[in-house]
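Asker:
There are 2 protein chains.
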Amino acid sequence: MTNAQPDNAARETDYLAVHEDVVKRVLDRQPADEYLYDLAELFKVFGDSTRIRILYALFESELCVGDLAGILALSPSAVSHQLKILKDAKLVRFRREGKIIFYSLDDDHVRTILSMGMEHVEE
Amino acid sequence: MTNAQPDNAARETDYLAVHEDVVKRVLDRQPADEYLYDLAELFKVFGDSTRIRILYALFESELCVGDLAGILALSPSAVSHQLKILKDAKLVRFRREGKIIFYSLDDDHVRTILSMGMEHVEE
DNA sequence: TGAACATTTTTACATCTGTTCATATGTTAT
DNA sequence: ATAACATATGAACAGATGTAAAAATGTTCA
Chain A
190 MTNAQPDNAA RETDYLAVHE DVVKRVLDRQ PADEYLYDLA ELFKVFGDST
240 RIRILYALFE SELCVGDLAG ILALSPSAVS HQLKILKDAK LVRFRREGKI
290 IFYSLDDDHV RTILSMGMEH VEE
Chain B
190 MTNAQPDNAA RETDYLAVHE DVVKRVLDRQ PADEYLYDLA ELFKVFGDST
240 RIRILYALFE SELCVGDLAG ILALSPSAVS HQLKILKDAK LVRFRREGKI
290 IFYSLDDDHV RTILSMGMEH VEE
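Line order of the protein sequences matches chains A and B. Residues are numbered in the numbering used here as their position in the first sequence, beginning at 1, plus a constant of 189. Residues are numbered in the numbering used here as their position in the second sequence, beginning at 1, plus a constant of 189.
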């Protein structure tokens, strides 16, 4: 949730774009705001240590809510809440076996993103 | 900021780890909490649409605060705030030319992470 | 030096987010 | 059907976060 302005409020007040030509060129090449927004939403999901810990745990093995609660020392409820967010973002999937539901990473994309991030952090 | 508990509060209450063996194995292989925390912090930086828009603008060209303010239709102050966060996370760097400061993406790591994310979003 | 400009910083505030607690849903086995 | 268990959901609260507004810092040039 970012801007909401009467269009060229920018120029009028104190937003002085120093390089008009560059600004226009960059604006032309920007991806649709919708994509950028979705992208931010995706990273937002990765941007929480509980969820990251869940994802890394699932890196090793499929796990049920109880397992994750044990691993993270969190309540099953808290885990379930975060799993819902991860499910909605299509970062994890699940399969049911009796009353137990096993969660796992959704695809290799997730692994790649995590690895890229870790590389940057390790520098 | 996640856990802070008298160690095995987990087992005592209602955290029933269904698969003890799996839990132990996963716990052994988890990266240090410190890394996971830093990783979450990194993604948190990507997880805001204003910052994503800044990064994508910088994808095209180095830009000064005024340019970015024009492109995003935000105040220079707001832009500067977000740039500070991006600087601290080492996602952008800058060079000064007179009174103007030009910002640019810090390295190709950043581009890669953005691209990976976009791929996932485009599915 | 002092005026003009580019950027940064501080404070304040409204919104968003994660966890807890209580309750509900769904599954299995008796 | 009922008890026991695994997971999910809803409401509420505390802490984190982004933006606006105002003031400060730093740089150039006359």
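Just so it is clear, CB atoms sit at the ideal spot from N, CA and C, and this is done for glycine as well.
1. Less than 9 Å between CB atoms is the rule here; does A198(A) satisfy it with respect to chain B?
2. Using a C-beta cutoff of 9 Å, does D277(B) count as contacting chain A?
3. For D217(A), does the count of other Cβ atoms within 10 angstroms reach 16, so buried, or fall short, so exposed?
4. With a Cβ-Cβ cutoff of 9 Å, do S266(B) and V281(B) count as a contact?
5. Count the other CB atoms within 10 Å of the CB of H309(B); is the residue buried (16 or more) or exposed (fewer)?
6. Check the Cβ-Cβ distances between I274(A) and every residue of chain B, and say whether any is below 9 Å.
7. Can you give me, in chain order, the residues of the stretch 221 to 234 of chain B that have a beta carbon less than 7 Å from any beta carbon in chain A?
8. Tell me the residue span of the alpha helix (DSSP H) that contains S269(B).
9. Kindly identify the DSSP beta-bridge partner or partners of R284(B).
10. In chain B, which residues lie with their C-beta within 8 Å of the C-beta of I302(A)?
11. Rounded to the nearest angstrom, what separates S264(B) and A246(B) at their Cα positions?
12. Since I believe G255(A) is in contact with V211(B) (beta carbons under 8 Å), could you give me their beta-carbon distance rounded to a whole number of angstroms?
13. Distance check for R284(A) and V299(A), CA to CA, integer angstroms please.
14. Distance check for I243(A) and L275(A), CA to CA, integer angstroms please.
15. Within its chain, find whatever has a CB closer than 6 Å to the CB of V268(A); leave out the 5 residues flanking it on each side and keep chain order.
16. Quick check on the DSSP output: the alpha helix (DSSP H) that includes A229(B) runs from which residue to which?
17. Going by DSSP, name the residue or residues bridged to L252(A).
Answerer: Taking the definition as stated:
1. For A198(A), the pLDDT reaches just 34, beneath the cut-off of 50, and the residue's location in the model is therefore unreliable, although a value from the coordinates is still provided. Taking Cβ atoms only, chain B reaches closer than 9 Å to A198(A), which makes this a yes.
2. Chain A contact via Cβ: absent.
3. It is exposed - the Cβ of D217(A) has fewer than 16 other Cβ atoms within 10 Å.
4. It is not a contact, given that the beta carbons lie outside the stated cut-off.
5. Burial check for H309(B): the Cβ neighbour count within 10 Å reaches 16 or more, so the residue is buried.
6. Residue-level contact by beta carbon fails for I274(A) and chain B, as no gap is shorter than 9 Å.
7. Listed in sequence order: Y224, L225, Y226, D227, L228, A229, L231, F232, K233.
8. Per DSSP, S269(B) belongs to the alpha helix (DSSP H) from 265 to 277.
9. In the DSSP output, where bridge partners are listed per residue, R284(B) has F291(B).
10. For I302(A), the chain B residues whose C-beta falls within less than 8 Å of its own C-beta are I302, M305, G306, H309, listed in chain order.
11. It is roughly 16 Å from the alpha-carbon of S264(B) to the alpha-carbon of A246(B).
12. With a Cβ gap of about 10 Å, V211(B) and G255(A) do not count as contacting.
13. If I take the Cα positions, the gap works out to 18 Å.
14. Taking the straight line from one Cα to the other gives about 9 Å.
15. Closer than 6 Å at Cβ, skipping near neighbours: V254, L257, A258.
16. For A229(B), the enclosing alpha helix (DSSP H) covers residues 222 to 235.
17. Here L252(A) is bridged, per DSSP, to Y292(A).
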